[in-house]
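Chemist: When you line the sequence shown up against the working numbering, it's residues 296 to 800, in that order.
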Amino acid sequence: MSNEAKELSGPDLRAGVSAREVPDGGTLLGHVDGEAVLVARRGGDVFAVEATCTHYGGPLAEGLVVGDTVRCPWHHACFSLRTGEVVHAPALRAIACYAVETRGEKLVVLGKKTPPSRVSATPDVQSIVIVGGGAAGHAAAEMLRNEGYTGKLTMISADPSPPCDRPNLSKDYLAGNAPEEWIPLRPPEFFSAQNIELLLGARVTALDVKARRLSLEDGREFGYDRLLIATGAEPVKLSVEGAHLPHVHYLRTFGDSRAIIDKLGKVKRAVVIGASFIGLEVAASLRARKVEVDVVAPDKVPFERVLGAELGQFIRSLHEEHGVRFHLGKTPVSIEPHGVNLSTGEALAADLVVVGVGVRPITELAEWAGLATDRGVVVDAFLETSVPGVFAAGDNARYPDARTGAKIRVEHWVHAERQGQTAALNMLGRKVPYDLAPFFWSAHYDLTVSYVGHAERWDRITVDGDIGKRDATLTYLQGDKKLAVVTLGRDKVGLEAEVELGASR
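In structure tokens form, the structure reads like this:
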């Protein structure tokens, strides 16, 4: 986008503004040399930073400043005001910092500062291997380099596609609103420039934690000083007759989404099996492409176990307004080349079937190596497994929840990235506990549901606002303890909840 095309707000900060316009704890949006810049004052410190989030371009001026950090209202990326560096995912790069001078009663913002260099003092860590090329693995690799680690770094991924923007696979990309070039997180040359050896379509078949070596299916072997197991999760497969027919698809990878898109030109009717977040996001994306959609699920109300009946019913109604037909309290018993047969005896026409009935953690590698597992790879607060020097992060890791102490496993993209970042710091000896509140968002047509925290069960849900008007805060409580918060149209409230529910470092 050219500078002329940008809509700039506020004063020209290079010309200066009155210091009174930025009181302690306050912010001011302006611009410098055609770029949006946010000024923030904290005590005696005045900061000026790029005002646009590096994830999806969210407006940081509408976000939340906490201490010396600023958080994006859209997807909760967090940046340092002092250095511009990424503190928490899903930011894709640091934001620029600007020099600020006080001239009498004025604050004047000058040019961009040179980004700080980082030197890692970890002489005992010369080689790190990451198994998994998803959110956690990719975020860990980038954090290692951002923190100044210069040793050998290898990322081994069973997926033939490079690390990608997975949330988009069921949302804008599948709906036809995002071009394919937006989906890879980084261009191929990024990995070579960062000296990251990225092995795609490669499977680890053996792990010797005593010798600190692992082997690939093709016979190659790699030694390591630190290992991160970020193998994620895989879709639960249907076991009904016809589940392996060529028009039956699952959606987990870039290749999965491409395969569905490739068939859409010939598809008039689709059946989505499972009223999960993936399932209903797929339903919304297919409706955007004018495909007729039937959703089959055993649930009485979509998302009732996760979001509660009232919000679940509202989301169902929203889909029905867009033409989706629900078949709830029912399950598929068989799939035929052009249809799906249900437990009630009904038959639904289908040129395409997409299954979204959950995922299971991939733990085989950890089990082979004798690591502790319990419906996931068991880790401590620092994301280290039962074997020193071996870490796990992302969808496959079961970790202690900082708020409740219970061991939990969370299947969210941003959470996986943040765990990867924390694991990277701890592989470098930093001893940083993972104490952040999980966060995810789900998009359904023009509705975005933002969820902070973790509530597997609750006693009650309080609602502030109006769900029907898409302006509401839902709080999930167990006794007097707040476990999770869902917001509709209240981005800043969601950020405040994230700060409240998760410790900030």
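Ideal Cβ positions, reconstructed from N, Cα and C, are used throughout, including at glycine.
Does the count of Cβ pairs from the segment 346-353 and the segment 397-404 closer than 8 angstroms reach three?
Modeler: Judged by Cβ distances under 8 angstroms, the segment 346-353 makes no contact with the segment 397-404, as fewer than three pairs qualify.
Chemist: Which one of 340, 343, 654, 572 has the shortest CA to CA distance from residue 600?
Modeler: The shortest C-alpha separation from residue 600 is found at 572.
Chemist: Exposed or buried, which one is residue 474 when buried takes at least 16 other CB atoms within 10 Å?
Modeler: Per the 10 Å Cβ criterion, exposed.
Chemist: Quick one, which of 501, 505, 656, 506 has its alpha-carbon nearest residue 513's?
Modeler: Checking every option, the nearest Cα to that of residue 513 belongs to 501.
Chemist: Output needed for residue 519: all residues of its chain with C-beta closer than 7 angstroms, excluding positions within five of it in sequence on either side, in chain order.
Modeler: So the list reads 422, 423, 424, 507, once near-sequence residues are dropped.
Chemist: For residue 343, name the three-state secondary structure that DSSP assigns.
Modeler: Of the three classes helix, strand and coil, the one that applies to residue 343 here is strand, per DSSP.
Chemist: Within its chain, find whatever has a CB closer than 6 angstroms to the CB of residue 784; leave out the 5 residues flanking it on each side and keep chain order.
Modeler: Around residue 784: 765, 766.
Chemist: For the alpha helix (DSSP H) holding residue 612, just list the boundary residues, first then last.
Modeler: Here the alpha helix (DSSP H) through residue 612 covers 604-616.
Chemist: Taking the continuous alpha helix (DSSP H) assigned at residue 573, which residues delimit it?
Modeler: Run containing residue 573: 572-583, per the alpha helix (DSSP H) assignment.
Chemist: Could you pull out every residue in the same chain whose Cβ sits closer than 6 angstroms to the Cβ of residue 581, ignoring the five residues on either side in sequence?
Modeler: So the list reads 565, 588, once near-sequence residues are dropped.
Chemist: What residue does the beta strand (DSSP E) around residue 695 start on, and which one ends it?
Modeler: Element bounds for residue 695: 692-695.
Chemist: In its own chain, which residues sit with a C-beta less than 6 angstroms from the C-beta of residue 458, not counting the 5 before and 5 after it?
Modeler: Taken in chain order, the residues that qualify are 428, 433, 480.
Chemist: Rank 770, 610, 364, 431 by C-alpha distance to the C-alpha of residue 574 and give the top, closest one.
Modeler: Minimum Cα distance to residue 574 is reached at 610.
Chemist: At the 8 angstroms Cβ level, is residue 680 part of the contact set with chain B, yes or no?
Modeler: Here chain B cannot be found, since the structure has a single protein chain.
Chemist: Looking only at its chain, what residues have a beta carbon closer than 6 angstroms to the beta carbon of residue 325, apart from the 5 residues adjacent to it on each side?
Modeler: Around residue 325: 305, 306, 308, 332.
Chemist: Can you tell me whether DSSP reads residue 483 as helix, strand or coil?
Modeler: Helix, per DSSP.
Chemist: Excluding the 5 residues flanking residue 390 on each side, which residues of the same chain have their C-beta closer than 7 angstroms to its C-beta?
Modeler: The answer, listed in chain order, is 344, 345, 349, 374, 379.
Chemist: Return the chain-ordered list of same chain residues with a C-beta closer than 6 angstroms to the C-beta of residue 469, the five sequence neighbours on each side being excluded.
Modeler: Correct list, in chain order: 552, 580.
Chemist: Taking the CB atoms as reference points, tell me whether residue 527 and residue 690 lie closer together than 8 angstroms.
Modeler: Result yes, Cβ atoms of residue 527 and residue 690 sit closer than 8 angstroms.
Chemist: Are residue 590 and residue 567 closer than 8 angstroms when you measure CB to CB?
Modeler: In this structure, residue 567 lies closer than 8 angstroms to residue 590 by Cβ.
Chemist: Can you give me the start and stop residues for the beta strand (DSSP E) that residue 549 sits inside?
Modeler: Looking at the DSSP string, residue 549 is not in any beta strand (DSSP E); the run it does join, the alpha helix (DSSP H), is 549-558.
Chemist: Compute the beta-carbon to beta-carbon distance between residue 666 and residue 680, rounded to the nearest angstrom, for a pair I have assumed lies under 8 angstroms.
Modeler: With a Cβ gap of about 5 angstroms, residue 666 and residue 680 count as contacting.
Chemist: Just checking residue 442 against the ligand ADP - is the residue's beta carbon closer than 7 angstroms to any of the ligand's heavy atoms?
Modeler: No copy of the ligand ADP appears in this structure; indeed no ligand is present at all.
Chemist: Taking 8 angstroms as the threshold (C-beta atoms), are residue 483 and residue 550 in contact?
Modeler: No; because the gap between Cβ atoms is not below 8 angstroms, this pair is not in contact.
Chemist: Would you report the Cα separation of residue 531 and residue 405, rounded to the nearest angstrom?
Modeler: Those two C-alpha atoms are separated by around 54 angstroms.
Chemist: Residue 786 to residue 749, Cα distance in whole Å?
Modeler: Whole-angstrom Cα-Cα distance: 18 angstroms.
Chemist: Would residue 642 be called buried (16 or more neighbouring beta carbons within 10 Å of its own) or exposed?
Modeler: Classification for residue 642: exposed.
Chemist: Taking the Cβ atom as the reference point for each residue, do residue 435 and residue 523 lie within a distance shorter than 8 angstroms?
Modeler: Contact: yes.
Chemist: Taking buried to mean at least 16 other C-beta atoms within 10 Å of its own C-beta, is residue 471 buried or exposed?
Modeler: Exposed is the call here.
Chemist: To which residues of the same chain is residue 760 closer than 7 angstroms at the C-beta, ignoring the five residues directly before and after it?
Modeler: Around residue 760: 766, 767, 768.
Chemist: By DSSP, does residue 794 sit in helix, in strand, or in coil?
Modeler: Residue 794: helix per DSSP, three-state reduction.
Chemist: When DSSP labels each residue in this structure, what does residue 712 get in the three-state scheme?
Modeler: Here residue 712 sits in helix by DSSP.
Chemist: Can you give me the C-alpha to C-alpha distance between residue 296 and residue 792, rounded to a whole angstrom?
Modeler: Annotation note: pLDDT 32 at residue 296 (below 50); position unreliable, no value reported.
Chemist: Only counting the same chain, and skipping five residues up and downstream in sequence, which positions put a Cβ closer than 7 angstroms to that of residue 790?
Modeler: Same-chain partners within the cutoff: 358, 359, 366, 368, 371.
Chemist: Sort 682, 556, 772, 614 by Cα distance to residue 273 and report the nearest one.
Modeler: No answer is possible for residue 273: it lies beyond the span of the chain, which begins at 296 and ends at 800.
Chemist: For residue 802, which residues from the same chain have a beta carbon less than 7 angstroms from its beta carbon, with the 5 sequence-adjacent residues on both sides left out?
Modeler: Residue 802 is absent from the structure shown; the chain starts at 296 and stops at 800.
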